[in-house]
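Chains as they are written, first to last, in UniProt numbering: chain A, 1 to 268; chain B, 1 to 268. In this text, a Cβ means the ideal position worked out from N, Cα and C, and glycines have one as well.
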Amino acid sequence: MFRNQYDTDVTVWSPEGRLLQVEYAMESVKQGSACVGMRSSSHTVLGALKRSVSELSSHQKKIIEIDDHIGIGIAGLTADARSLAKWMMNECLNHKYVYGTPMPSSRLVTDLADRHQRTTQTYVRRPYGVGLLVASYDEKTGPHLYQTCPSGNIYEYYASAIGARSQSGRTYLEKHYESFEEASKDDLIMHALRALAGCVTGDGELTRDNGSIAVVGKGESFILIEGDELQPYLDRLELEGGGAADADEDDDDDDDEEEKTDAMETEQ
Amino acid sequence: MSLSLAPGGSAARSSGPSSELDALGASERTSRPIVTGTSVLGIKYQGGVMLAADTLCSYGTMAKYKDARRLLEANSGTLIGGGGEYSDFQAISMMLKANAMEDRCLSDSLYDEDDGTTEESAKEVWSYLRAVMYNRRNKMNPLWNDLLVAGFDKKSKDGKPFLGFVDKIGTAYEDDCVATGFGSYLALPILREKYRPDLEEGEARALLEDCMRVLFYRDCRALNRIQIAKVTAESGVIIHEPYEIDTSWDSEAFVQSKGGLDEGDGGW
């Protein structure tokens, strides 16, 4: 497809009516390692696969706490994610100072969407190359899961998966999401791990070093479950039979995903 | 419109008298109130919160505006009452109305929510006013008001009645009975003695009326034409029309002054 002429600036439309720079930014999200999220009537859970550049390096943090009641999972350019996280933390803090109550996540997320959109309509900037799964619990409206995209579109989901090989995760979630509403916190975490297990590379596996879970819920501040704390859940997963069996059926169907695991070190 | 601009407000930016001051490096600050309202009283009762204020705005010693409205609606669930500089109170009221409009217009939720939950609760309005008043105080250009905020602490079915106080230096507190100005000396002790959590609406109103009568007797900037307003869970904000309260000047203390000093030094 001859799309090269129209893709150098974000302010240039292609003849098909597309902003190619924005679409390329969305590709960047697909290169990041997998991140899943889901919610029940009482909790929202995030799961992420932490990538490490080499055996000598640590695993890149994928889940960031924004406030007591909001956290994000990232896929794509980590530096862009940190910049957004910093802004979100600041907004939440300011809101708490002025209004005395936690920031409604729906408001934060719509402002986040506006922030993303601005970068798609200015000559001097570029879109953010990261997708976020925003998990929150609002007192007024309950648990929420939102997904952001470099285009500035924000949608709310019952469950979602982003990043490399996330299609397996999505397939698992589509199959099971109806049981999430009534699921307990632990069940929800198990679902997250099973969805993640399908997103691991062929010969890899989900371990306590590369797995990461976060939970937020009614009366429960946003909390990370990693390392040793994650082991009991991984043990339970192994008892069930790994969980990878469920998820790898549709891997071949997704044309957009490629096995470029270690090509870009900037993305995790 | 922002009430937290640099000293001089928006006048500083337009051409006119203050631009000359600007050229000199001087600025305008509030140093004393000109048109003032006196006390505002507030009390919680069974099922809601009630405020009372007279309808006088004084111009120094002159009782100039005898139908001034000092109890106003900030949003559909919040009432504010103000003493002190009336123009500052009007500015605050307009600012809160603009905020309420923005809340209603901002499509915060990704769903259609028209149940008023996106509006600020009374507690959030109180906290916001605290932030504004304190900010202005720090710039040595205060909004010269004592404010009472009445409503509920949450925009939900199980919100508890809320009654808060903010003054011109940003002091903020909440209580079952609050009063500003002279009311804090003369009326508050009466309110506190007679307060019960299960006060009925009629009892609360009679209590406030009695206190307003005492204030008319003893506060020389008060008027006997008063206004009552309330916030309830079912009906929201209701501001009643002003009415005159009867007074009696034939009690002993007013007729026969102490010590029989009618002739002579005019003792009271």
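Residue i burial status per 10 Å Cβ neighbour count (16 or more: buried)
| i | result |
| --- | --- |
| leucine 24/B | exposed |
| alanine 247/A | The predicted position of alanine 247/A is uncertain, since its pLDDT is 44 and thus under 50; no value can be drawn from it. |
| valine 40/B | buried |
| valine 237/B | buried |
| leucine 237/A | buried |
| arginine 32/B | exposed |
| glycine 84/B | buried |
| valine 29/A | buried |
| residue 269/B | Within the shown structure, residues of chain B are numbered from 1 to 268, placing residue 269/B beyond reach of any answer. |
| serine 58/A | exposed |
| valine 36/A | buried |
| leucine 207/B | buried |
As assigned by DSSP and simplified to three states, the class of residue i
| i | result |
| --- | --- |
| asparagine 75/B | strand |
| histidine 240/B | coil |
| methionine 94/B | helix |
| isoleucine 190/B | helix |
| tyrosine 24/A | helix |
| glutamine 147/A | strand |
| proline 232/A | helix |
| serine 168/A | helix |
| alanine 245/A | Below a pLDDT of 50, predicted positions are generally treated as unreliable, and alanine 245/A, at 43, falls in that range; the measurement from the model is reported next regardless. Reduced to three states, the DSSP call for alanine 245/A is helix. |
| cysteine 199/A | coil |
| asparagine 145/B | strand |
| leucine 180/B | Looking at the sequence provided, one finds threonine at residue 180/B rather than leucine. Three-state DSSP puts threonine 180/B in coil, outside helix and strand. |
| tyrosine 45/B | strand |
| leucine 188/A | helix |
| valine 132/B | helix |
| lysine 64/B | strand |
| leucine 208/B | helix |
| methionine 89/A | helix |
| valine 124/A | coil |
| aspartate 54/B | strand |
| methionine 38/A | strand |
| lysine 230/B | strand |
| glycine 202/B | helix |
| glutamate 16/A | coil |
Rounded Cβ spacing between residue i and residue j (contact assumed at less than 8 Å)
| i | j | result |
| --- | --- | --- |
| valine 166/B | methionine 133/B | 5 Å |
| residue 339/B | asparagine 75/B | This structure gives no information on residue 339/B, because the portion of chain B shown stretches from 1 to 268. |
| tyrosine 155/A | glutamine 167/A | Actually they are not in contact, since the Cβ atoms of tyrosine 155/A and glutamine 167/A sit about 17 Å apart, beyond 8 Å. |
| arginine 39/A | histidine 144/A | 7 Å |
| threonine 232/B | glycine 81/B | Not quite, the Cβ-Cβ distance comes to about 16 Å (not below 8 Å), so this is no contact. |
| valine 45/A | isoleucine 189/A | 6 Å |
| alanine 34/A | leucine 196/A | 6 Å |
| glycine 217/A | serine 42/A | 5 Å |
| leucine 71/B | alanine 229/B | 4 Å |
| aspartate 9/A | tyrosine 123/A | 7 Å |
| cysteine 57/B | threonine 36/B | 7 Å |
| leucine 79/B | glycine 170/B | In fact, because the Cβ distance is near 21 Å, the residues do not count as touching under 8 Å. |
Beta-carbon gap between residue i and residue j smaller than 8 Å
| i | j | result |
| --- | --- | --- |
| glycine 71/A | phenylalanine 180/A | no |
| valine 109/A | valine 130/A | no |
| glutamine 5/A | proline 127/A | no |
| glutamate 124/B | glycine 100/A | yes |
| leucine 186/B | glycine 42/B | no |
| threonine 38/B | isoleucine 226/B | no |
| aspartate 68/A | proline 104/A | no |
| glycine 163/A | glycine 198/A | no |
| glycine 47/A | leucine 193/A | yes |
| arginine 213/B | threonine 180/B | no |
| arginine 196/B | cysteine 177/B | no |
| asparagine 145/B | aspartate 88/B | yes |
| lysine 155/B | lysine 140/A | yes |
| alanine 204/B | tyrosine 45/B | yes |
| asparagine 224/B | glutamate 244/B | yes |
| isoleucine 92/B | leucine 143/B | yes |
| arginine 208/A | leucine 234/A | yes |
heavy atom of the ligand GTP below 7 Å from residue i C-beta
| i | result |
| --- | --- |
| threonine 8/A | Of the ligands one can find in the structure shown there are none, so the ligand GTP has no counterpart to examine. |
Below-8 Å beta-carbon distance, residue i vs any chain E residue
| i | result |
| --- | --- |
| lysine 123/B | The structure shown contains no chain E; its protein chains are A and B. |
Exercise. Relative to chain A, which residues along the segment 127-143 of chain B have a C-beta separation below 7 Å, given in chain order?
Worked result: Ser127, Tyr128 and Ala131
Problem set entry | Contacting positions in the segment 71-100 of chain A - beta carbon closer than 8 Å to chain B | Tyr97, Val98, Tyr99 and Gly100
Problem set entry | Interface residues of the segment 146-164 of chain B facing chain A [CB-CB below 8 Å] | Lys154, Lys155 and Ser156
Exercise. Can you list, in chain order, the residues of the segment 34-66 of chain A whose Cβ is nearer than 8 Å to any Cβ on chain B?
Worked result: none
Exercise. Closer than 9 Å, Cβ to any Cβ of chain B: which residues of the segment 212-223 of chain A, in chain order?
Worked result: none
Exercise. Relative to chain B, which residues along the segment 114-140 of chain A have a C-beta separation below 9 Å, given in chain order?
Worked result: Glu139 and Lys140
Exercise. Listed in chain order, which residues of the segment 162-187 of chain B have Cβ atoms closer than 7 Å to some Cβ of chain A?
Worked result: none
For this session: Compile a chain-ordered list of the residues in the segment 54-77 of chain B whose CB is closer than 8 Å to at least one CB of chain A.
Result: none
Problem set entry | Members of the segment 199-220 of chain B that neighbour chain A once the beta carbon cut-off is set at 9 Å | none
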